[in-house]
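Q: Numbering (my numbering), first residue to last: 2 to 401. We treat Cβ as the ideally placed atom computed from N, Cα and C, and that holds for glycine. Everything numeric in this text was worked out from a predicted model, so none of it was measured. Have a look at this one.
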Amino acid sequence: MKKIVSIFLALTAFAGMAFANGQQEAGNVTLNKDKPLIFFNRQPSDPTTGAIDMDSMSWNDKTYYVGFDAAGGGAVQGKMITDYLANADASIDRNGDGIIGYVLCIGDVGHNDSKARTEGARKALGTWDGSTDPSVHKEGSVMIGGKEYKVVELEGKAMTGTDGSTWNANAATEAMGGWATKFDDQIDMVVSNNDGMAMGCLQASNYPAGVPIFGYDANADAIEAIGNGILTGTISQNVDAQACGTLQVLRNLLDGLSGAEVYTKGFSTPDAYGNQISAPMDYITDTKALLAANSAVTSANWQDYKAGTRDAGVSQSDAPEKKVLLTIYNSADNFLSSSYLPALQYYAPLLNIDLTIVQGDGQNEASCLDKFTNFNNFDAFAINMVKTNSGRDYTDKLAY
Ligand code: BGC
Ligand code: CA
Numbered sequence: 002m003k004k005i006v007s008i009f010l011a012l013t014a015f016a017g018m019a020f021a022n023g024q025q026e027a028g029n030v031t032l033n034k035d036k037p038l039i040f041f042n043r044q045p046s047d048p049t050t051g052a053i054d055m056d057s058m059s060w061n062d063k064t065y066y067v068g069f070d071a072a073g074g075g076a077v078q079g080k081m082i083t084d085y086l087a088n089a090d091a092s093i094d095r096n097g098d099g100i101i102g103y104v105l106c107i108g109d110v111g112h113n114d115s116k117a118r119t120e121g122a123r124k125a126l127g128t129w130d131g132s133t134d135p136s137v138h139k140e141g142s143v144m145i146g147g148k149e150y151k152v153v154e155l156e157g158k159a160m161t162g163t164d165g166s167t168w169n170a171n172a173a174t175e176a177m178g179g180w181a182t183k184f185d186d187q188i189d190m191v192v193s194n195n196d197g198m199a200m201g202c203l204q205a206s207n208y209p210a211g212v213p214i215f216g217y218d219a220n221a222d223a224i225e226a227i228g229n230g231i232l233t234g235t236i237s238q239n240v241d242a243q244a245c246g247t248l249q250v251l252r253n254l255l256d257g258l259s260g261a262e263v264y265t266k267g268f269s270t271p272d273a274y275g276n277q278i279s280a281p282m283d284y285i286t287d288t289k290a291l292l293a294a295n296s297a298v299t300s301a302n303w304q305d306y307k308a309g310t311r312d313a314g315v316s317q318s319d320a321p322e323k324k325v326l327l328t329i330y331n332s333a334d335n336f337l338s339s340s341y342l343p344a345l346q347y348y349a350p351l352l353n354i355d356l357t358i359v360q361g362d363g364q365n366e367a368s369c370l371d372k373f374t375n376f377n378n379f380d381a382f383a384i385n386m387v388k389t390n391s392g393r394d395y396t397d398k399l400a401y
């Protein structure tokens with residue numbers, strides 16, 4: 002049996018060589034282990050140290066990560082908050098004790114995006130103490146209308162749902178209700194690692210009206226809430242660039258591009274079909290990561306971020322149709338379901354990619370992994386893991 006398998010492998014390897022350059026011909030079988038593999042939104046990494054899982058990223062020469070600049074984004078969120086405070090007046094200190102008290106909604110202590118935002122907000126407010134333990138922070142200080150105030154993080158909490166799912170908006174509603182009772186007018190500000198949880202906080206019946214609150218993601222409902230003066234600010238991680246970028250890298254790899262063309266065609270230069278994503282994306286060689294930039298959205302510019310604004314640089318393709326299997330870690334994730342998925346569905350037909358999307362429950366890897374199957378029906382794969390250190394569970398399945 003072993004012999005037959007190795008003869009088969011040798012033959013298919015030969016066929017692969019004969020039709021190198023990504024050209025598919027009848028009878029030429031590409032092994033699953035040689036197909037393009039993109040990780041997106043959840044970067045393969047160690048949940049504690051944040052170190053990138055380069056074993057998964059080096060699975061084959063067609064493995065890449067497409068996301069956004071997480072660390073930079075944390076700093077952009079922090080700056081948005083201090084910019085807001087700089088222009089505020091003394092009334093922001095609700096109980097007049099000279100201390101700005103805030104509460105913090107943490108998405109997922111093991112997720113690099115979440116860690117970066119907690120760090121970015123705390124650094125800007127001076128409450129970051131350098132510890133990898135998310136519950137440790139110190140007293141900070143901030144300038145408000147030219148005067149220095151102390152800053153205290155009254156409480157920071159990972160918003161885990163009763164079902165174990167992370168970034169949970171209902172958990173945030175409940176936590177906010179508890180905080181409003183417990184800390185009352187010590188709360189001068191609410192900071193959240195994402196919009197879903199910020200909007201969740203605003204749902205608490207005892208939310209202290211008028212207290213500034215900051216989210217992240219620029220989901221449509223959050224942008225609307227900024228327009229209505231309910232949410233104070235959010236950060237756009239440029240979902241259009243990311244979703245379209247994920248598909249563009251796949252397209253390039255499926256068209257047989259290699260080397261720098263994989264992350265320049267359709268990005269910094271038009272691809273063979275004339276498409277080019279308008280927003281700049283940075284390629285990080287060491288981690289094989291293509292990252293979109295972040296921008297702050299506030300009452301001053303929210304109109305520019307209204308839903309339905311798609312990238313006009315990407316409009317059509319006469320590329321050969323390719324089939325891609327794509328996983329989403331949690332069908333209930335606010336950002337993925339309300340922002341990322343609609344963007345994928347918009348751009349996939351333009352790039353002539355036929356997407357099969359399977360979704361998990363946000364807590365058990367098996368909820369995604371069990372649907373990550375029937376590989377021979379697909380030309381490439383895109384993965385959004387439940388746990389950031391599960392890359393191997395997916396690549397192991399592709400090894401056969
Ligand atoms: C988003 C979160 C989302 C998470 C899912 C993050 O980049 O900001 O809203 O829950 O990705 O992985
Ligand atoms: Ca105060």
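Here's the rule: buried if 16 or more other CB atoms are within 10 angstroms of the residue's CB, otherwise exposed. What is Q317?
A: By the neighbour-count rule (16 or more Cβ atoms within 10 Å), Q317 is not buried but exposed.
Q: Determine whether the beta carbon atoms of D335 and D196 lie at a separation below 8 Å.
A: With the sequence shown as reference, residue 335 is identified as Asn, and Asp is not the correct amino acid for it. Yes, the pair counts as a contact, with Cβ atoms nearer than the cut-off.
Q: Determine, using beta-carbon pairs with one atom in the region 212-220 and one in the region 320-329, whether at least three such pairs fall under 8 Å.
A: Too few Cβ pairs lie closer than 8 Å, so no.
Q: In whole angstroms, what separates the C-alpha of R95 from that of D186?
A: The straight-line gap from Cα to Cα measures roughly 6 Å.
Q: Span of the beta strand (DSSP E) holding G102?
A: First-last of the beta strand (DSSP E) with G102: 100-107.
Q: Quick check: does the Cβ of F382 come within less than 7 Å of any heavy atom belonging to ligand 1?
A: Checking every heavy atom of ligand 1 against the Cβ of F382, none is found closer than 7 Å.
Q: Using 7 Å as the cut-off, classify the Cβ of G121 as near or not near the heavy atoms of ligand 1, replying yes or no.
A: The answer is no for G121.
Q: Return the chain-ordered ranges of every beta strand (DSSP E) run that is complete within the region 88-173 and spans a minimum of 3 residues.
A: Here the runs fully enclosed are 100-107, 141-145, 148-159.
Q: Just how far apart, CA to CA, sit S142 and N169?
A: Computed Cα separation, rounded: 29 Å.
Q: Excluding sequence positions up to five away, which residues of its chain have a Cβ less than 7 Å from the Cβ of M58?
A: Within the same chain, M58 has close Cβ partners P45, T64, Y66, T288, K289.
Q: Could you check whether A205 and M177 sit closer than 8 Å to each other, using their CB atoms as the reference points?
A: It is a contact, given that the beta carbons lie within the stated cut-off.
Q: So who's on the other strand from L292, going by DSSP bridges?
A: Paired residue(s): G68, D283.
Q: So, with DSSP's three-state summary, where would you put M297?
A: Just to set this straight, residue 297 is Ala in the shown sequence, not Met. DSSP places A297 in strand when its eight states are reduced to three.
Q: Report whether the distance from the Cβ of Q360 to the nearest heavy atom of ligand 1 is below 7 Å.
A: No, the beta carbon of Q360 sits no closer than 7 Å to any heavy atom of ligand 1.
Q: With DSSP as the reference, label Q24 as helix, strand or coil.
A: Summary for Q24: the model assigns pLDDT 41, below 50, so the residue's position carries little reliability; its value from the coordinates is reported in the next sentence. In this structure, Q24 counts as coil in the three-state DSSP scheme.
Q: Could you tell me which residues DSSP pairs with L356 in its beta bridges?
A: Looking at the DSSP assignment, L356 forms a beta bridge with V325.
Q: So what does D362 bridge to, in DSSP terms?
A: DSSP lists N331 as partners of D362.
Q: How about I100: is its Cβ closer than 7 Å to a heavy atom in ligand 2?
A: Yes - ligand 2 has a heavy atom lying nearer than 7 Å to the Cβ of I100.
Q: Are there 16 or more other CB atoms within 10 angstroms of the CB of Y330, so buried, or fewer, so exposed?
A: Buried, because 16 or more other Cβ atoms sit within 10 Å of the Cβ of Y330.
Q: Could you tell me the boundaries of the beta strand (DSSP E) in which V191 lies?
A: Here the beta strand (DSSP E) through V191 covers 188-193.
Q: DSSP on G197, reduced to helix/strand/coil?
A: Helix, per DSSP.
Q: I'd like the list of long-range same chain contacts for D394, defined as Cβ closer than 7 Å, with 5 residues on each side in sequence excluded.
A: Answer for D394: E366, L370, listed in chain order.
Q: Applying the criterion that 16 or more other CB atoms from any shown protein chain within 10 Å of the CB defines a buried residue, is P37 buried or exposed?
A: By the 10 Å Cβ count, P37 comes out buried.
Q: Roughly how many whole angstroms lie between the Cα atoms of Q78 and S136?
A: Rounded to whole angstroms, Q78 to S136 spans 19 Å at the Cα level.
Q: Can you check whether the CB of V192 is closer than 8 Å to the CB of V212?
A: Cβ atoms of V212 and V192: not closer than 8 Å.
Q: Should K307 go down as buried or exposed, given a rule of 16 or more other Cβ atoms within 10 Å for buried?
A: Flag for K307 reads exposed.
Q: Apply the 10 Å Cβ neighbour rule to T247 and answer buried if 16 or more other Cβ atoms are within range, or exposed otherwise.
A: Classification for T247: buried.
Q: With respect to the alpha helix (DSSP H) encompassing A344, which residues constitute its N-terminal and C-terminal limits?
A: Here the alpha helix (DSSP H) through A344 covers 342-351.
Q: Restricting to runs no shorter than 4 residues, where is the alpha helix (DSSP H) found entirely within the region 201-229?
A: Within the region 201-229, the complete alpha helix (DSSP H) runs of at least 4 residues are 221-228.
Q: With 16 other CB atoms within 10 Å as the buried threshold, where does A52 fall?
A: Exposed, because fewer than 16 other Cβ atoms sit within 10 Å of the Cβ of A52.
Q: Could you give the distance in angstroms between the alpha-carbon of S132 and the alpha-carbon of K398?
A: Roughly 36 Å between the two C-alpha positions.
Q: For ligand 1, any of its heavy atoms closer than 7 Å to the Cβ of L337?
A: Checking every heavy atom of ligand 1 against the Cβ of L337, one is found closer than 7 Å.
Q: When the Cα atoms are used, what is the spatial distance from S237 to A226?
A: Whole-angstrom Cα-Cα distance: 14 Å.
Q: Give a single yes or no on whether Q187 has its beta carbon closer than 7 Å to a heavy atom of ligand 2.
A: It does: the Cβ of Q187 is within 7 Å (strictly closer) of some heavy atom of ligand 2.
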